[in-house]
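For the sequence shown, our numbering assigns the number 1 to the initial residue and increments by one for each residue that follows.
Just so you know, even glycine gets a beta-carbon here, dropped at the ideal spot from N, CA and C.
A short write-up of the structure that comes next.
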Amino acid sequence: MEFKDHFSKTVSQELIDYVKNVVFEEDRYLFVRREKKVQYGFCSHCRQEYTTNYPHVKGALKHNQQTVCSHCQSLVTVKSAGRGRKNLYNEAYVVWYEKSQINPAAIVAVGLLVGIHFDNYKGELVFGTVTSYLFEPGYSEQRFYASWRDKWTKLKNIRSEIPGTMRYKKLYVSYDKIRDVVKGTPFQYSTWEQYKDIFDREDLVHFFDLAARYGCIEYLTKIGFHSCVKAKIQGDRTYGAINWNGKTLEKVTRLSKADLKQLQKEGIAPEPATLHSYHKFKKAGHPISFAQASWFGIFNFVGKAAELGEPLGPLAKYTLKQVDKQDTSPQSVLLDLRDYWHEARDLGMDLSKDSVKWPNNLRDAHIATTKRMKVKVDAELNAQIAERLPYLDHYSFSKDGLFIRPAASSIELFEEGKILHHCVGQYTERYAKGETNIFVVRRLVAPDIPFYTAEIRDGKVFQCRGHRNRGQTKEVAEFMHNFAAEMLQPKRKRRKIPA
Ligand SMILES: [Zn+2]
């Protein structure tokens with residue numbers, strides 16, 4: 001038996017009808033011409049010519065208008081017969097299934113590039129075979145036609161042409177035809193209907209490849225492992241969660257009878273990551289439920305634990321405890337833990353002590369280290385600010401009951417921002433580094449109460465804001481104007497007073 005013997009030698013009438021009536025349903029034209037003021041139309045679909053308009057009667061058909069062929073009732077687009085027809089050409093990629101010609105248990109599919117042209121006004125079809133697939137129990141094969149060397153080659157693995165050579169073509173797959181083709185073959189109950197909507201896999205060739213090679217597809221689908229089959233079809237990561245060649249349900253799913261019973265009881269439809277997590281936790285000596293495994297799977301807990309470089313067992317145990325205590329997700333526990341360890345290391349804490357490494361209450365411990373880190377950073381910033389103050393103090397100024405002076409510390413800026421409800425606190429770092437200058441404006445009668453805050457840059461008052469970012473009152477504006485004129489302008493030479 002040869003590969004090509006499985007395929008029919010001719011294009012079936014059924015395929016021709018499918019292409020004509022489904023694929024190119026909208027590519028129907030009525031070509032109109034005039035002769036002695038009579039308009040005639042020729043339908044590209046039924047190939048009949050008839051009179052469409054008589055002299056002196058209104059209602060002659062116009063180029064590009066839509067109408068219905070009065071002969072075959074097709075919806076057609078009117079075209080002037082005199083115009084070019086080259087751009088009326090259309091094409092599509094069709095994946096067409098048939099029964100094998102020689103093996104009653106096998107099915108085949110051909111990938112066809114089909115076209116329709118109107119060179120002779122009739123819609124003429126063109127068929128070009130791009131690729132051929134054979135699916136028989138235990139075996140599948142694909143051959144691909146390389147037109148540039150007029151040669152058919154057997155491919156190593158089944159591939160769909162949808163995302164590849166045919167990615168810019170319109171796609172057609174006749175699922176009604178597949179329903180007929182699989183009847184009486186082992187593929188009849190393969191559950192293919194559930195996988196026909198997977199993006200870029202609509203031609204089902206990956207599905208039938210799996211169904212041909214592995215008997216387990218059918219019952220995997222039926223017991224709720226749809227996601228695992230889908231992942232395999234899409235070429236996604238399956239973590240070896242399924243033993244596709246397994247002979248029994250337990251072998252295939254790598255789960256014991258008790259596990260399978262538990263899975264059914266929990267009503268979980270497992271993803272590959274679910275099973276992966278389930279197995280990993282069990283192996284780490286910390287068995288979890290399938291619901292938990294599904295949850296850990298979504299967060300890729302196993303992968304993240306590996307990134308932390310921690311053995312899964314203790315980490316899982318700790319995470320579950322924290323999740324329980326804080327009503328949070330394993331994801332945020334791991335993130336918190338990573339940050340906490342990072343900060344603890346920076347602060348010189350002894351992470352070799354269990355009580356430090358695994359704090360009873362991670363959230364509180366993390367808040368504490370964050371606070372200490374802030375103090376540490378603030379101390380550095382304050383030192384920098386303190387260094388700038390003697391210079392900036394030259395710009396202190398007082399007039400009409402108000403005064404302005406440089407902000408003294410990060411704490412002062414923080415308080416200023418908190419009380420005035422604006423975001424000056426964010427400027428601390430840039431202020432400390434000398435990239436900008438922050439001054440506080442206060443009343444002489446209340447020198448400790450935040451009033452206005454000003455940013456001074458490039459010899460200008462860049463912004464000056466009060467409570468909740470409010471702009472300046474007339475009083476403050478006048479004060480700032482005087483301040484700028486007096487302190488920020490280059491000093492005029494004092495007139496010499498003659499002695
Ligand atoms: Zn017609």
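Fewer than three pairs of CB atoms, one per stretch, sit closer than 8 Å, so the segment 220-231 makes no contact with the segment 154-166. Relative to ligand 1, the nearest heavy atom lies less than 6 Å away from the CB of Ser74.
When secondary structure is reduced to three states using DSSP, Tyr214 falls in the coil class, being assigned neither helix nor strand.
CA-CA distance, Gln489 to Glu415, rounds to 30 Å.
A check of alpha carbon separations from Ala211 across Phe199, Arg237, Asp200 and Val182 identifies Val182 as the nearest. Under DSSP, Ala92 shares a beta bridge with Val114.
Fewer than three Cβ pairs drawn from the segment 143-151 and the segment 42-51 lie within less than 8 Å of each other, which leaves the two stretches out of contact. Trp152 is bridged by DSSP to Tyr145. The straight-line gap separating the alpha-carbon atoms of Phe479 and Asp458 is approximately 19 Å. The C-beta separation of Val108 from Leu134 comes to about 5 Å, placing the pair in contact by the 8 Å criterion. Relative to the non-hydrogen atoms of ligand 1, the Cβ of Cys216 never comes closer than 6 Å to any of them.
In this structure, Cys228 has its beta carbon at no less than 6 Å from each heavy atom of ligand 1.
Remark: the shortest separation between the CB of His63 and any heavy atom of ligand 1 does not fall under 6 Å. Note: Leu75 is bridge-paired with Val68 in the DSSP secondary-structure output. Rounded to the nearest angstrom, the gap between the Cα atoms of Met373 and Glu380 is 11 Å. Beta-bridge partners of Cys46 (DSSP): none assigned. When the alpha-carbon of Arg470 is set against those of Ala316, Lys280 and Leu420, the nearest one is in Leu420. Leaving aside the five residues that flank Leu351 on each side, the residues in its chain whose CB is nearer than 8 Å to its CB run, in chain order, Trp341, Ala344, Arg345 and Lys357. In the three-state DSSP reduction, Leu347 falls in the coil class, being neither helix nor strand.
Restricting attention to Leu61, Leu112, Lys247 and Gln326, the CA atom closest to the CA of Tyr18 is found in Leu112. Spanning the alpha carbons of Ile233 and Lys317 requires a straight line of approximately 35 Å. In the structure shown, Glu161 falls within a coil segment according to DSSP collapsed to helix, strand and coil. Take Glu202, set aside five residues on each side of it, and the residues of its chain with a beta-carbon closer than 7 Å to its own are Ile162, Leu171, Val173 and Lys196, in chain order. Where Asn469 is concerned, there is no enclosing beta strand (DSSP E), because DSSP gives it neither an H nor an E. Considered as a whole, the segment 239-306 harbours 249-253, 257-266, 272-283 and 290-298 as its complete alpha helix (DSSP H) runs of no fewer than 4 residues, in chain order. Nearest neighbour of Lys20 by Cα position, chosen from Val57, Pro55, Glu91 and Lys151, turns out to be Glu91.
By alpha-carbon distance to Ala60, the top candidate from Tyr278, Leu75, Glu35 and Cys72 is Glu35. Here Glu136 is buried. Its C-beta has 16 or more other C-beta atoms within 10 Å. Measuring C-alpha to C-alpha distances from His286 to each of Met166, Ala105 and Thr319 identifies Thr319 as the nearest. In the three-state scheme derived from DSSP, where H, G and I count as helix and E and B as strand, Leu402 is classed as strand.
Contact check for Ser80 against His63 passes: the beta carbons are separated by less than 7 Å. Ser140 sits in a strand when the DSSP states are folded into three classes. Within 6 Å of the C-beta of His71 there is at least one heavy atom belonging to ligand 1. Beyond the five residues adjoining it in sequence on each side, Arg143 comes within less than 6 Å, by CB distance, of Ser132, Trp152 and Lys154 in the same chain, given in chain order. When beta bridges are read from the DSSP output, Gln39 appears opposite Arg34 and Asn53.
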